[in-house]
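If you read the sequences in order, they're chains A and B. Each residue of the first sequence is one higher than the one before, starting from 1 at the first, in our numbering. Each residue of the second sequence is one higher than the one before, starting from 335 at the first, in our numbering. Structure record follows, encoded as structure tokens.
2 protein chains.
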Amino acid sequence: MRQKTKTIQDIARIAGVSTATVSRALSAPAQVSESTRERVMLAVRQTGYQVNHTARNLRRQRSGSILALVPNLANPFFSQILSGLAEVVAAEGYGLLIADTQTDPDPAARLFSYLDNRMADGLVLFDGRLADQRLAARPRVPVILACEWGDPALPSVRVNNAEGAALAVRHLVANGHRAIGLITGPAGNVLTESRLDGTRKAMTDAGLALRPDWTFPGDFTLAAGVDAAQRWMALDDRPTAVLCASDEMACGFIGALQHAGHSVPDAVSVIGFDDIEVCGHLTPALTTIRQPRKEIGERAAELLVGMIAAQSLACTSQMIDVELIPRDSVRRLA
Amino acid sequence: MRQKTKTIQDIARIAGVSTATVSRALSAPAQVSESTRERVMLAVRQTGYQVNHTARNLRRQRSGSILALVPNLANPFFSQILSGLAEVVAAEGYGLLIADTQTDPDPAARLFSYLDNRMADGLVLFDGRLADQRLAARPRVPVILACEWGDPALPSVRVNNAEGAALAVRHLVANGHRAIGLITGPAGNVLTESRLDGTRKAMTDAGLALRPDWTFPGDFTLAAGVDAAQRWMALDDRPTAVLCASDEMACGFIGALQHAGHSVPDAVSVIGFDDIEVCGHLTPALTTIRQPRKEIGERAAELLVGMIAAQSLACTSQMIDVELIPRDSVRRLA
DNA sequence: CTGTTAGCGCGTTCAA
DNA sequence: TTGAACGCGCTAACAG
């Protein structure tokens with residue numbers, strides 16, 4: 001199976017130069033004269049030589065790859081983020097290692113083992129649970145936190161959730177809605193909190209208040225939306241619009257209402273959050289707040305490679321703006 | 335930033351043994367006496383020593399990671415597959431490297447560079463375009479092909495698409511449908527072909543034939559489903575059921591019909607393919623053919639680590655069975 | 001501009 | 001059972 005691969009020494013011999021020169025011709029061409037560089041390159045082409053990254057990395061005391069720790073790889077929410085990450089990381093010459101912190105029996109131990117092993121030159125952390133003081137305290141490689149919770153001292157890429165919720169509220173108000181309900185995320189979740197904050201603030205600005213009986217507890221899942229629909233239908237006095245803290249909940253909410261014979265947006269207007277792919281193809285197409293997921297990955301990658309290049313553990317965090325995508329699930333009230 | 339990490343020599347000194355003994359204590363404990371092993375382990379614990387994988391891999395002539403080449407990481411279809419892959423691969427002690435062959439300017443070159451560099455001990459290839467004779471001809475690490483096309487000589491994990499399509503047809507027939515239409519995948523695509531084959535065979539078995547005017551060309555996208563809906567509505571003589579070669583197309587198809595005032599499944603029954611996550615939460619919930627995506631990843635990983643362990647480039651290919659998930663988008667005809 | 005030399009940290013002979 | 005010594009393939013320092 002194994003076929004002996006060419007080494008830098010083979011090239012040196014063929015080109016009639018020293019290994020150091022071959023090395024330089026490949027990694028610092030400017031330091032080598034035109035003619036010898038030609039000879040080296042010729043030998044490289046003839047033999048199909050490729051540098052051995054393991055050896056190079058050992059010598060350079062680096063690993064050549066970046067590690068992304070994802071809480072649940074099966075969640076399609078991450079696919080675009082990882083796509084953005086992969087693109088930038090590859091362009092910068094790094095490999096992208098991915099590990100799932102959820103299927104791992106002891107993710108923290110694994111994380112530290114990765115770091116202590118120097119198996120990665122940098123880390124993108126999508127799981128805030130791991131971003132605690134132990135991580136901050138540990139001598140380590142650059143880390144960028146790409147989620148909404150976790151140690152605020154760590155450099156991070158975050159999405160402006162509060163502003164997103166506020167955008168949604170203002171959109172509803174602009175369409176004549178004043179009776180606005182809410183399906184929240186799970187209690188204690190940072191996303192839930194910031195989206196709730198934004199909602200509250202924007203409603204106050206519009207002279208409105210969140211009514212407890214119009215605030216339906218959720219957990220971002222489709223089932224929670226179905227649940228909220230039951231509660232909505234049980235109300236005597238119903239809100240004319242419901243703001244959902246995730247598109248999944250909006251789907252579940254709308255689906256359950258439709259099954260029960262209520263029309264959206266005639267009976268109630270709905271806004272989601274995230275802009276997952278199907279939004280535009282539901283009936284009605286779902287008005288929502290888009291999180292630029294690919295951009296999250298790109299930014300995280302850019303910041304991280306910047307930190308690695310600068311040999312710094314710090315960089316300024318970035319806030320990524322969201323956007324309202326108006327579709328058909330919000331009705332203009334007379 | 336960098337803090338000098340402990341090496342095997344530090345441990346050797348602390349434990350009062352040679353580096354060779356430390357090495358053995360860690361990778362072949364049986365070869366070392368109880369008492370010295372204890373001493374070594376104590377030193378390891380005290381210092382928090384972790385082996386340097388780069389050095390180990392250089393010495394062992396391996397990379398310690400497995401590479402997955404995905405045609406489009408942004409496609410959520412892969413998230414569950416990668417999740418299954420990551421889980422198995424991590425459990426076997428490998429790192430998982432992921433690269434996107436679509437955002438790469440020259441994926442084939444990158445692939446070969448990866449292989450020639452021995453940057454991975456094995457390769458899972460989700461992109462059949464790269465699985466041509468050049469790959470087969472090259473001296474290389476074990477490769478497992480996890481898609482429906484590409485060189486059939488390569489070991490592969492494939493999904494029984496033909497059977498899936500046949501299941502769908504038989505389900506429709508069992509529900510009294512005899513006027514069955516089809517939205518196909520892109521021409522020339524292997525998925526398209528095998529699903530078409532399965533459809534044709536099952537229809538023949540039922541004494542039916544595919545009508546050209548009921549065969550709508552598609553490309554797996556939501557837009558193609560919308561398109562097919564226009565064509566369906568333009569027909570005088572319409573099929574009572576339409577089999578879609580992807581769930582996305584089914585979504586687009588149903589959405590467009592609903593927008594135009596047609597009811598599903600009253601006006602037409604619909605079956606999708608893939609069982610993407612939202613299927614169960616659409617209105618109506620979409621009957622579809624499930625591809626066990628997580629299992630695809632797991633199987634591919636298992637076969638690959640088996641090949642690596644056996645130092646073999648070959649293994650028997652596997653076919654993974656699909657399943658019909660009955661929901662509400664198929665109506666029983668009287 | 002180029003060659004020589006000395007490791008990076010580890011695993012593995014070969015002896016003892 | 002243990003240790004000494006070598007080298008995996010490469011790059012960085014230092015001469016020349």
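The beta-carbon is built from N, C-alpha and C at its ideal position, and this holds for glycine as well. Values in this document were obtained by computation on a predicted structure and should not be read as measured data.
Beta carbon of residue i nearer than 7 Å to that of residue j
i: A/Val268; j: A/Pro284; result: no
i: B/Leu416; j: A/Leu73; result: yes
i: B/Ala487; j: B/Ala470; result: yes
i: B/Ile659; j: B/Arg624; result: yes
i: B/Glu421; j: A/Thr103; result: yes
i: B/Glu527; j: B/Thr555; result: no
i: A/Val173; j: A/Ala206; result: yes
i: A/Ile180; j: A/Pro239; result: yes
i: A/Leu182; j: A/Leu243; result: yes
i: B/Ala454; j: B/Gly484; result: no
i: A/Val335; j: A/Ala25; result: What is shown of chain A runs 1 to 334, which leaves residue 335 of chain A out entirely.
Contact set between residue i and chain A, taken where Cβ atoms lie within less than 7 Å
i: B/Gln564; result: Per Cβ cutoff of 7 Å: no residues; B/Gln564 is ~15 Å from chain A at best.
i: B/Ser397; result: Thr54
i: B/Gly589; result: His281, Leu282 and Thr283
Three-state secondary structure assigned by DSSP to residue i
i: A/Gly95; result: strand
i: B/Gln657; result: The sequence shown places Glu at residue 657 of chain B, not Gln. Residue state, collapsed to three classes: strand.
i: A/Gln31; result: helix
i: B/Val524; result: helix
i: A/Gly84; result: helix
i: B/Ser597; result: coil
i: A/Ile144; result: strand
i: B/Thr622; result: strand
i: A/Cys251; result: helix
i: A/Gln318; result: strand
i: B/Arg665; result: coil
i: A/Ser156; result: strand
i: B/Phe279; result: Only positions 335 to 668 of chain B appear in this structure, which leaves residue 279 of chain B out of reach.
i: B/Leu516; result: strand
i: A/Val242; result: strand
i: A/Val124; result: strand
i: A/Asp132; result: coil
i: B/Asp485; result: coil
Proximal residues of chain B, C-beta to C-beta of residue i below 7 Å
i: A/Asp104; result: Ala424
i: A/Phe78; result: Ser413
i: A/Gln258; result: Thr617
i: A/Leu58; result: Thr388, Ala389 and Leu392
8 Å Cβ cut-off: residues of chain A touching residue i
i: B/Asp434; result: Ser83, Ala86, Glu87 and Ala90
i: B/Lys628; result: Ala74
Within-7 Å CB hit, residue i to chain A
i: B/Val351; result: no
i: B/Thr555; result: no
i: B/Leu469; result: no
i: B/Gly640; result: no
i: B/Met335; result: Low per-residue confidence applies at B/Met335: pLDDT is 45, beneath 50, and the placement is therefore not dependable, though the value from the model is reported in the following sentence. Taking Cβ atoms only, chain A reaches closer than 7 Å to B/Met335, which makes this a yes.
i: B/Gly519; result: no
Neighbouring residues, chain B, relative to residue i (Cβ below 9 Å)
i: A/Cys251; result: Val612, His615 and Leu616
Chain B within 7 Å of residue i, Cβ atoms only
i: A/Ala74; result: yes
i: A/Leu243; result: no
i: A/Val160; result: The sequence shown places Asn at residue 160 of chain A, not Val. Closer than 7 Å: no.
i: A/Ser97; result: The question names Ser, but residue 97 of chain A is Leu in the sequence shown. It does; some Cβ of chain B falls within 7 Å.
i: A/Leu286; result: no
Contact set between residue i and chain A, taken where Cβ atoms lie within less than 9 Å
i: B/Leu637; result: Within 9 Å Cβ-Cβ: nothing; B/Leu637 doesn't reach chain A, min ~16 Å.
How about the segment 62–74 of chain A and the segment 82–97 of chain A: do they share at least three Cβ pairs that are nearer than 8 Å?
yes
Three or more beta-carbon pairs under 8 Å between the segment 270–277 of chain A and the segment 105–115 of chain A, yes or no?
no
Check whether the segment 350–362 of chain B touches the segment 297–316 of chain A, taking contact to mean three or more Cβ pairs, one atom from each stretch, closer than 8 Å.
no
Check whether the segment 548–564 of chain B and the segment 573–582 of chain B touch, using three or more Cβ-Cβ pairs below 8 Å as the test.
yes
Segment contact, 8 Å Cβ cut-off, at least three pairs: the segment 140–159 of chain A with the segment 117–131 of chain A
yes
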